[in-house]
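Taken in order, these protein sequences are the chains called A and B. Okay, so the first sequence: first residue is 1 according to the numbering used here, each after it adds one. Okay, so the second sequence: first residue is 1 according to the numbering used here, each after it adds one.
There are 2 protein chains.
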Amino acid sequence: MAARDYGQFDGITRAVELVGERWALLIVRDLLVGPRRYGELAAGLPRIPTNILATRLKELQAAGVIRRAPRSRIIIYELTDYGRELEPVVLALGNWGFKTLGDPRDEQILTADAMAITLRGAFRPEVAASLPATSYGARFSSAGLLISVDGTSLSVKRGDGPADLAFAAGPGIHRLISGELGAHQALATGVVELLDGDRALLGRFAETFHVAA
Amino acid sequence: MAARDYGQFDGITRAVELVGERWALLIVRDLLVGPRRYGELAAGLPRIPTNILATRLKELQAAGVIRRAPRSRIIIYELTDYGRELEPVVLALGNWGFKTLGDPRDEQILTADAMAITLRGAFRPEVAASLPATSYGARFSSAGLLISVDGTSLSVKRGDGPADLAFAAGPGIHRLISGELGAHQALATGVVELLDGDRALLGRFAETFHVAA
DNA sequence: CGGGATCCCTTAGGATACTG
DNA sequence: CAGTATCCTAAGGGATCCCG
């Protein structure tokens, strides 16, 4: 692979050689949420050509970032310890990019995995510490997320289930997290749709998860 | 630019759309050290085709990451405030990649700018706090670096000048920073060549700048 | 001489179809 | 379901040339 070779010897060059190819960091993003099967990755990255997904998975594996784990008959992809060390980098990079998200174009989607990482990056433990433990259920077109906040600890997982507040949202939810919209504005404009629970809890959600522009 | 469009709406996708293209993060890396002219960037990135450098500079400018600043007659490229916010991300990514740097291949070079960023990432303020203020002059094939440590503050600039310890080094210096080699081993094996000053200060250097594998 | 633009060729990536 | 195989286009690599 001479093409991906930058001819330099330092940490950043090495890093971009490992995870700098197109789509690679988005695969890492999704795997940070949890182990995924090939088809799940493909579903979360609808625009990735299947041959590119296959190529990237092999490259990331060769790089020691991910691992193929055969579970009974099916194959699961998961991050190695080294790959998981990318978490702070990915969260920081995500926050950086988040600040200049404009308005979503029609063809742009927000997947549950992307939202899970956004929430991890936007989590403010120092704010959550003084709030009651709360669980949220968030529905996206693709899948659901179970978010539970208890003191300074956060857990975001895929799935559905009972929660103190359940809501549905799309890409527009970034305006709630950036503070551009308040909680009741988000509900009024339909950016967030209340499914179940106390609507007042959406304010708590917005306090807990915030990225300043 | 449909090709660089991932069809998703979240922070990481946005970030890789802004700085995820080939060479882009290496340009940011060098500009984090200081403003640079076109030719300086090209010299620090010897393998980048000139048309790609020109394209990237335009893209990064359009993305609001860098800015063209005409200084009298010459043009200087520098990071915007938004671009400078990438510093912690770039340092963290560099440290991540640093951990799996193998041995340098013959054609791999270490530029002064890359080393400057490596040092910023490897700086341990909590260690430096209890050490005397020290200045180092480091020579690379490409250029020199003036490093000065005073308490928890670090400054790394390009240039030459008087320093408490002056040394010359190449890519192999990563083995000193990783701790694979001790200071006197680094001198004995020629990885670091003493130019001037007290050789014992190289041990202090290795304590001050360290990235664990 | 700095700051690019142009040319041609190679390779990676996108779209789609197909297979164990 | 988990990938290969194929074909085509667009981006990147390398050298050279241009312009103020």
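A virtual CB, placed ideally from N, CA and C, is assigned to each residue, including glycine.
For my contact list, residue i and residue j are in at a C-beta cut-off of 8 angstroms; report their separation, rounded to the angstrom.
i	j	result
B:V65	B:L18	6 angstroms
A:R47	B:G7	4 angstroms
A:A92	A:L60	Contact flag wrong, Cβ pair sits at about 20 angstroms.
B:L32	B:V89	Actually they do not touch by this definition, with Cβ atoms about 10 angstroms apart.
A:L45	A:L26	6 angstroms
A:R29	A:D113	7 angstroms
B:V156	B:S178	Actually they do not touch by this definition, with Cβ atoms about 19 angstroms apart.
B:G11	A:G94	4 angstroms
A:A186	A:L201	With a Cβ gap of about 12 angstroms, A:A186 and A:L201 do not count as contacting.
A:T111	A:A128	Contact doesn't hold; Cβ gap of about 24 angstroms is too wide.
A:A15	B:G34	That pair is no contact at about 21 angstroms.
Taking only beta-carbon atoms, is residue i less than 8 angstroms away from chain B?
i	result
A:Y136	no
A:N95	yes
A:Y215	Lying before the first or after the last residue shown, residue 215 of chain A is absent from chain A, which here runs from 1 to 213.
A:A2	Residue confidence is low: A:A2 scores 37 on pLDDT, short of 50, so the model does not pin down where it sits. Its coordinate-derived value is still stated next. So, not an interface residue.
A:I117	yes
A:E107	yes
A:L53	no
A:T152	no
A:G161	no
A:E180	no
A:G203	no
A:E207	no
A:P46	yes
A:G100	In the sequence under discussion, the amino acid at residue 100 of chain A is Thr, which differs from the Gly named in the question. Judged by the 8 angstroms Cβ criterion, A:T100 is in contact with chain B.
A:I75	no
A:L18	yes
A:L60	no
Less than 8 angstroms between CB atoms is the rule here; does residue i satisfy it with respect to chain A?
i	result
B:P104	yes
B:V191	no
B:R175	no
B:V89	yes
B:A15	yes
B:A169	no
B:R29	yes
B:A114	yes
B:F9	yes
B:L25	yes
B:G34	no
B:A92	yes
B:E85	yes
B:I66	no
B:T80	no
B:I147	no
B:G121	yes
B:T111	yes
Who does residue i pair with in a DSSP beta bridge?
i	result
B:F140	Answer is none; B:F140 lacks a bridge partner.
A:V192	A:A169
A:D160	Looking at the DSSP assignment, A:D160 forms no beta bridge with any residue, so it has no partner.
A:G197	A:L165
A:F209	A:F123
B:L145	B:A138, B:R158
A:D150	A:S153
A:Q8	B:I109
The ligand SAH heavy atoms versus the CB of residue i: any closer than 7 angstroms?
i	result
A:I109	Although the ligand SAH was asked about, the structure shown includes no ligands whatsoever.
4 or more residues per run - each alpha helix (DSSP H) lying fully within the region 17 to 72 of chain A: 24 to 33, 38 to 44, 50 to 62
Cβ pair count under 8 angstroms reaching 3, the region 157 to 177 of chain B against the region 110 to 125 of chain B: yes
Validate contact between the region 157 to 166 of chain A and the region 193 to 200 of chain A using beta carbons, cut 8 angstroms, 3 pairs: yes
Stretch pair the region 90 to 109 of chain B + the region 70 to 79 of chain B: three plus CB contacts closer than 8 angstroms: no
The region 121 to 139 of chain B in contact with the region 51 to 63 of chain A per 3-pair CB rule at 8 angstroms: no
Continuous alpha helix (DSSP H) assignments of at least 4 residues falling wholly in the region 68 to 130 of chain B: 81 to 84, 87 to 98, 112 to 122, 125 to 128
Inter-stretch contact at 8 angstroms, needing at least 3 Cβ pairs: the region 26 to 43 of chain A / the region 73 to 82 of chain A: yes
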